[in-house]
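In UniProt numbering, the protein residues as written are 1 to 165. Just so you know, even glycine gets a beta-carbon here, dropped at the ideal spot from N, CA and C. First comes the structure, then the notes that go with it.
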């Protein structure tokens, strides 16, 4: 019984703390988006720090933000990408602004190497390829009559194509 009351008290304090911080947190953090591979795999800040936003597949085959709860007594930390105890929580004031809609291709991490990147011409894309012992983005063409879709990670018929940026 004692633990239940203590747990409820912690939840109450977290709720009050969340209500006080709602106005400041959202203006300091990157805007949640589900466009690029990195964005889809990022957990985003919700105005209520006891929750976070996650990119989830939607019925249209795309990605949409879904609100997810933190465990009771914890707050979401954008920099740590996990819910933490209030003593370890901080705003994301120190986080850089979100990336451009279509990022420059990167070939550093395993995930980046295995991502096909958007090209400024819609009938082309970038693929990471080994060149002289390092991974480098290489321009690749789509088949005639197709356009590159970041969402599908392949070239698709024009009728199926939607801008990724």
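Within the same chain, Cβ atoms closer than 7 Å to the Cβ of residue 119 are found at 125, 126, 139 and 148, the five residues on either side in sequence being excluded. Look at the UniProt domain "Chitin-binding type-2" (32-94) and you find these whole runs of beta strand (DSSP E), each 3 residues long or longer: 43-45, 51-57, 63-69, 75-77 and 82-84. For residue 154, the CB contacts under 8 Å within the same chain, skipping 5 residues up- and downstream, are 116 and 148 in chain order. Assignment of beta strand (DSSP E) within the UniProt domain "Chitin-binding type-2" (100-160), counting only whole runs of 3 or more residues, yields 124-131, 134-141, 146-149 and 154-157 in chain order. Note that the C-beta distance between residue 83 and residue 45 is not below 8 Å. Ranking 144, 110, 122 and 151 by CA distance to the CA of residue 136 puts 110 first.
The Cβ-Cβ distance between residue 113 and residue 128 falls below 8 Å.
By the CB criterion at 8 Å, residue 52 and residue 70 fall inside the cutoff.
By the C-beta density criterion, residue 48 is buried, having at least 16 other C-beta atoms within 10 angstroms. The C-alpha of residue 60 is placed about 15 Å away from the C-alpha of residue 66.
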